[in-house]
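Colleague:
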Amino acid sequence: DTEVTQTPKHLVMGMTNKKSLKCEQHMGHRAMYWYKQKAKKPPELMFVYSYEKLSINESVPSRFSPECPNSSLLNLHLHALQPEDSALYLCASSQGEAGWEKLFFGSGTQLSVL
Amino acid sequence: AQTVTQSQPEMSVQEAETVTLSCTYDTSESDYYLFWYKQPPSRQMILVIRQEAYKQQNATENRFSVNFQKAAKSFSLKISDSQLGDAAMYFCAYRRAGTASKLTFGTGTRLQVTL
Numbered sequence: 079d080t081e082v083t084q085t086p087k088h089l090v091m092g093m094t095n096k097k098s099l100k101c102e103q104h105m106g107h108r109a110m111y112w113y114k115q116k117a118k119k120p121p122e123l124m125f126v127y128s129y130e131k132l133s134i135n136e137s138v139p140s141r142f143s144p145e146c147p148n149s150s151l152l153n154l155h156l157h158a159l160q161p162e163d164s165a166l167y168l169c170a171s172s173q174g175e176a177g178w179e180k181l182f183f184g185s186g187t188q189l190s191v192l
Numbered sequence: 068a069q070t071v072t073q074s075q076p077e078m079s080v081q082e083a084e085t086v087t088l089s090c091t092y093d094t095s096e097s098d099y100y101l102f103w104y105k106q107p108p109s110r111q112m113i114l115v116i117r118q119e120a121y122k123q124q125n126a127t128e129n130r131f132s133v134n135f136q137k138a139a140k141s142f143s144l145k146i147s148d149s150q151l152g153d154a155a156m157y158f159c160a161y162r163r164a165g166t167a168s169k170l171t172f173g174t175g176t177r178l179q180v181t182l
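Residue numbers (the numbering used here), protein chains in the order written: chain A, 79 to 192; chain B, 68 to 182.
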């Protein structure tokens, strides 16, 4: 199993809603990542978890709250988002956090904030 | 800060022909890694090829090869015998060695493959 599974594939939410994005992998990877990708732009790193601990937070607004309940799961909790937060949210995982590691990506959640 | 530049927003190649995508980067580090990722319409980013900066030999993966020029900070991707399935957005990416380092992507090159 070399898949990173993200749910839901699409999400529409209002600015007052609370929702969560879910990411799962069963490759035994110990590093997991959240990226944000706006249309026609490259992915931008948001968070990195290594061994279930937050390793990198790229100064992301607090309306985005990551959670890593175990080594296979990564969640992104969303609250009071703005329309400019509409984007493709990509999850990725790697064996470890070393620079040479190959990242495996999911197909993303397309988020629209109304 | 590290930057990655892809100067070709779009490229086109005929099926079975060869195409080269350009990438330059800027870093003060001596130990780092370079990657080419492909993003087809399915949106899933897929690793195409990886190069270690300390290796002089250019990486190859089947029809994909790179021309790594460390002094010039250049890292181009050559796709030989192009296939329709190669049509995608291609991102060059940089990551310094060690832990807690971020993968920095270039702006991407959209590759079209024509019959």
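No residue lacks a Cβ here, since even glycine has one placed at the ideal position from N, Cα and C.
The structure presented is a predicted model; accordingly, all values stated were derived computationally and were not measured.
Check whether the stretch 75–83 of chain B touches the stretch 151–171 of chain A, counting contact only when three or more Cβ pairs, one atom from each stretch, lie closer than 8 Å.
Modeller: no
Colleague: Take A:Ala170 as the anchor and find which of A:Val138, A:His155 and A:Pro121 has the nearest alpha-carbon.
Modeller: When only C-alpha atoms are compared, the closest one is A:Pro121.
Colleague: So, helix, strand or coil for A:Pro144, using DSSP?
Modeller: strand
Colleague: Can you round the beta-carbon distance between A:Leu99 and A:Leu154 to whole angstroms, since I take them to be within the 8 Å contact cut?
Modeller: Rounded, the Cβ-Cβ distance is 4 Å, consistent with contact.
Colleague: Taking the DSSP output, what are the residues bridged to B:Arg117?
Modeller: B:Phe102
Colleague: For B:Gln81, which residues in the same chain have their Cβ closer than 8 Å to its Cβ, ignoring the five residues on either side in sequence?
Modeller: Ser149, Val180, Thr181 and Leu182
Colleague: Kindly indicate which three-state DSSP category B:Leu151 falls into: helix, strand or coil?
Modeller: helix
Colleague: Pull up the CB-CB distance for B:Ala120 and B:Leu151, whole angstroms please, since I reckon it's below 8 Å.
Modeller: Not quite, the Cβ-Cβ distance comes to about 33 Å (not below 8 Å), so this is no contact.
Colleague: Opposite A:Cys169 in the DSSP bridges: which residues?
Modeller: A:Trp112
Colleague: Would you tell me roughly how many angstroms separate the C-alpha atoms of A:Phe183 and B:Asn125, rounded to the nearest one?
Modeller: 25 Å
Colleague: At the 9 Å Cβ level, is A:Ala158 part of the contact set with chain B, yes or no?
Modeller: Taking Cβ atoms only, chain B never reaches closer than 9 Å to A:Ala158, which makes this a no.
Colleague: Using only the alpha-carbon positions, how far apart do A:Val82 and B:Leu144 sit?
Modeller: 26 Å
Colleague: Rounded to whole angstroms, what's the CA-CA distance from B:Glu96 to A:Tyr111? Just pull it up for me.
Modeller: Approximately 23 Å, taken between the alpha carbons.
Colleague: Should the stretch 127–144 of chain A be regarded as contacting the stretch 82–93 of chain A, the criterion being three or more beta carbon pairs within less than 8 Å?
Modeller: A contact is defined here as three or more CB-CB pairs under 8 Å, and the stretch 127–144 of chain A fails this definition with respect to the stretch 82–93 of chain A.
Colleague: Taking the C-alpha atoms as reference points, what is the distance between A:Asp163 and A:Ser190?
Modeller: If I take the Cα positions, the gap works out to 8 Å.
Colleague: Roughly how many angstroms lie between the CA atoms of B:Leu170 and A:Ala176, to the nearest whole one?
Modeller: 11 Å
Colleague: Is B:Gln123 buried or exposed, if buried means 16 or more other CB atoms sit within 10 Å of its CB?
Modeller: With fewer than 16 other Cβ atoms from the protein chains shown falling within 10 Å of its own Cβ, B:Gln123 counts as exposed.
Colleague: Using a Cβ cut-off of 9 Å (strictly closer), state whether B:Arg163 contacts chain A.
Modeller: yes
Colleague: Who are the neighbours of A:Ser137 on chain B, taking C-beta pairs under 8 Å?
Modeller: Near A:Ser137 there are no residues of chain B at all, since even the closest Cβ is about 12 Å away, more than 8 Å.
Colleague: Could you check if B:Gln136 is buried or exposed, using at least 16 other CB atoms within 10 Å of its CB as the buried criterion?
Modeller: exposed
Colleague: If the criterion is Cβ atoms closer than 9 Å, does the pair B:Gly175 and B:Gln73 meet it?
Modeller: yes
Colleague: Any beta carbon of chain B sitting closer than 9 Å to that of A:Ala117?
Modeller: Answer no: the Cβ-Cβ gap between A:Ala117 and chain B never drops below 9 Å.
Colleague: Roughly how many angstroms lie between the CA atoms of A:Val90 and B:Tyr161, to the nearest whole one?
Modeller: 33 Å
Colleague: With a threshold of 9 Å between beta carbons, is A:Phe183 in contact with chain B?
Modeller: yes
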